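Below is one structure, written out as structure tokens, with a few remarks after it.
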Amino acid sequence: MSAETVLQHKWPVLERHERAAEWLQVWTDLGRAPRTIDAYARGLAEYLAMCDRTDVDPLTANRAHIAVYVRELTSRPSHRGANVISIDSGSGLANATIQQRLVPVRLFYDYLMEEGLRESNPVGRGRYTPCRRRGGHERGLVPRVTKLPWIPTEQQWLAILDVAAAESIRNRVMLALAYDAALRREELCSLRTDDLDPAHRTLRVRAETTKNRLERVVPYSAPTGVLLSGYLAHRATISRARGPLFLSESRRNHAHPLSLWTWSKVIRRIALAAEIPRFSTHTTRHLCLTDLARMGWELHAIATFAGHRNTESTLTYIHLSGRDLAAKLNRGMEQIHGWRVTMLARLGEPADGAASR
Numbered sequence: 001m002s003a004e005t006v007l008q009h010k011w012p013v014l015e016r017h018e019r020a021a022e023w024l025q026v027w028t029d030l031g032r033a034p035r036t037i038d039a040y041a042r043g044l045a046e047y048l049a050m051c052d053r054t055d056v057d058p059l060t061a062n063r064a065h066i067a068v069y070v071r072e073l074t075s076r077p078s079h080r081g082a083n084v085i086s087i088d089s090g091s092g093l094a095n096a097t098i099q100q101r102l103v104p105v106r107l108f109y110d111y112l113m114e115e116g117l118r119e120s121n122p123v124g125r126g127r128y129t130p131c132r133r134r135g136g137h138e139r140g141l142v143p144r145v146t147k148l149p150w151i152p153t154e155q156q157w158l159a160i161l162d163v164a165a166a167e168s169i170r171n172r173v174m175l176a177l178a179y180d181a182a183l184r185r186e187e188l189c190s191l192r193t194d195d196l197d198p199a200h201r202t203l204r205v206r207a208e209t210t211k212n213r214l215e216r217v218v219p220y221s222a223p224t225g226v227l228l229s230g231y232l233a234h235r236a237t238i239s240r241a242r243g244p245l246f247l248s249e250s251r252r253n254h255a256h257p258l259s260l261w262t263w264s265k266v267i268r269r270i271a272l273a274a275e276i277p278r279f280s281t282h283t284t285r286h287l288c289l290t291d292l293a294r295m296g297w298e299l300h301a302i303a304t305f306a307g308h309r310n311t312e313s314t315l316t317y318i319h320l321s322g323r324d325l326a327a328k329l330n331r332g333m334e335q336i337h338g339w340r341v342t343m344l345a346r347l348g349e350p351a352d353g354a355a356s357r
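Once you know that position 161 of the sequence shown is 161 in UniProt numbering, the rest is easy, because the numbers rise by one and skip nothing.
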């Protein structure tokens with residue numbers, strides 16, 4: 001079954017729109033990650049479904065039709081319940097989710113313009129125009145809200161570790177590596193036995209498993225190495241074959257590669273048991289990179305460790321660590337402290353009037 005057929009089976013609306021299927025196939029042929037293609041398919045399918053409901057031809061849709069879709073997104077209830085409202089958007093969907101839904105629609109219309117089927121893109125994008133006031137930025141359809149990632153407090157982290165201590169050796173070493181090497185979910189679940197170098201306590205993150213196709217080698221700590229050795233001995237009782245590092249131990253999928261969704265369920269179970277529902281598969285990465293920033297690692301060193309192509313992504317963790325602000329505060333306090341000490345020193349100097357008495 002081809003990738004195109006799988007997507008059309010998952011999102012039947014794509015079958016009715018030939019150009020949409022063509023566009024997704026182009027991205028597939030260009031080697032985009034399956035999860036990226038799936039996200040694009042979902043976002044575009046939701047938009048095309050809206051077009052079908054409102055009798056709009058997506059090839060001729062205009063800005064007003066896009067606005068209807070945006071209104072639908074902002075009025076859509078959260079999958080966690082109709083009463084759940086995201087603070088940053090004031091609606092059921094978070095601001096980032098709404099932005100993600102618009103990306104494939106914008107890219108689809110870019111494709112139609114390149115193919116000569118449209119003259120303009122009704123979605124548009126935020127643009128920089130020097131003549132405009134207040135910095136020259138023209139806003140996109142939906143204002144973008146940029147939030148710092150959530151990381152647990154020390155007390156919350158200890159609660160998570162207390163719960164994780166009762167997990168299997170596989171789950172414990174996965175959690176340790178996820179933090180120690182700042183691994184994304186797919187990078188962690190896609191590790192293979194030959195990616196490990198126990199002698200140097202490093203692991204290779206292959207380009208095809210990363211978000212930006214950037215291969216890297218990262219170290220892990222001695223305690224994680226001990227856990228990993230224990231897991232490798234345990235893994236040998238399941239399968240001695242080389243290949244995927246983390247294997248399922250369920251009856252249904254015994255010795256098969258552990259899926260992304262299974263790992264997500266493990267983390268969700270730990271989060272709920274620790275009563276910290278915000279803890280997710282990406283939290284360990286955020287926490288590790290923030291800790292590196294707190295330790296004084298340079299920006300480019302953190303970017304290399306994280307596999308960031310652009311240091312703009314890395315700056316988030318510098319801000320989250322509060323390192324720069326703390327340094328500025330310390331410098332400012334040193335000046336204030338010096339001034340106060342100088343003023344106090346004057347108390348020991350006799351005033352002219354006092355000396356004459």
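Note that the Cβ used here is the ideal one computed from N, Cα and C, for glycine as well. A quick note: this is a predicted structure, and the numbers were derived from the prediction, not measured.
Is residue i buried or exposed, if buried means 16 or more other CB atoms sit within 10 Å of its CB?
i: P300; result: Correcting the residue type first, residue 300 is His in the shown sequence and not Pro. Under this definition H300 is an exposed residue.
i: I302; result: buried
i: T209; result: buried
i: L261; result: As written in the sequence, residue 261 is Trp, which differs from the Leu given in the question. Counting Cβ neighbours within 10 Å, W261 comes out exposed, since fewer than 16 surround it.
i: Y58; result: Per the sequence shown, the amino acid found at residue 58 is Pro instead of Tyr. Classification of P58: buried, given that the 10 Å Cβ count is 16 or more.
i: N171; result: buried
i: R340; result: exposed
i: L287; result: buried
Is the beta carbon of residue j closer than 8 Å to that of residue i?
i: Y111; j: P122; result: no
i: A39; j: V13; result: no
i: I270; j: I160; result: yes
i: L177; j: Y220; result: yes
i: residue 398; j: L44; result: The displayed coordinates of the chain run from 1 to 357. Any statement about residue 398 would go beyond what the structure contains.
i: V173; j: L258; result: no
i: L175; j: L191; result: no
i: A306; j: L289; result: yes
i: V205; j: R216; result: yes
i: I169; j: T283; result: no
i: L7; j: A41; result: yes
According to DSSP, is residue i helix, strand or coil?
i: D195; result: helix
i: V84; result: For V84, the predicted model reports a pLDDT of 44, less than 50, meaning its position is unreliable; a value from the coordinates is still stated below. Looking at V84 - three-state DSSP - the assignment turns out to be coil, as it is neither helix nor strand.
i: R53; result: helix
i: W297; result: coil
i: R133; result: Here R133 scores only 47 on pLDDT, less than 50, and its place in the model is too uncertain to base an answer on.
i: H282; result: coil
i: R127; result: Low local confidence applies: a pLDDT of 46 at R127 is under 50, so the model's placement there is unreliable, with the coordinate-based value given in what follows. The answer is strand: DSSP assigns R127 an E or B state.
i: W27; result: helix
i: L272; result: helix
i: G307; result: coil
i: I238; result: coil
i: N62; result: coil
i: T153; result: coil
i: T36; result: helix
i: R184; result: coil
i: S89; result: For S89, the predicted structure reports a pLDDT of 46, less than 50, and the residue's modelled location is therefore unreliable. The matter cannot be settled from this model.
i: N121; result: coil
i: A21; result: helix
i: H200; result: coil
i: L148; result: coil
i: P277; result: coil
i: G342; result: Note that residue 342 corresponds to Thr in the displayed sequence, not to Gly. Of the three classes helix, strand and coil, the one that applies to T342 here is helix, per DSSP.
i: T262; result: helix
i: residue 372; result: Nothing can be reported for residue 372, as the shown portion of the chain is limited to 1 through 357.
i: A178; result: helix
i: S313; result: helix
i: K211; result: coil
State the beta-bridge partners of residue i as determined by DSSP.
i: L247; result: P257
i: V205; result: R216
Suppose you measure from the CA of residue i to the CA of residue j; what does that come to, to the nearest Å?
i: G230; j: A61; result: 58 Å
i: S321; j: A293; result: 6 Å
i: L183; j: L344; result: 53 Å
i: P277; j: R268; result: 7 Å
i: R16; j: L245; result: 41 Å
i: H200; j: T304; result: 18 Å
i: S75; j: A241; result: 51 Å
i: V179; j: T342; result: The displayed chain sequence assigns Tyr, not Val, to residue 179. Straight-line Cα distance between these residues: approximately 47 Å.
i: V266; j: L93; result: 24 Å
i: T281; j: E186; result: 10 Å
i: T54; j: P223; result: 58 Å
i: A181; j: D197; result: 13 Å
i: M113; j: R19; result: 12 Å
i: Q99; j: V226; result: 42 Å
i: A236; j: R285; result: 28 Å
i: V103; j: C189; result: 27 Å
i: G193; j: S239; result: First, the amino acid is wrong: residue 193 is Thr here, not Gly. Distance between the alpha carbons of T193 and S239: 12 Å.
i: L158; j: T314; result: 26 Å
i: H9; j: H308; result: 34 Å
i: H234; j: A165; result: 17 Å
Report whether the distance from the Cβ of residue i to the nearest heavy atom of the ligand COA is below 7 Å.
i: R184; result: This structure lacks the ligand COA, and indeed carries no ligand of any kind.
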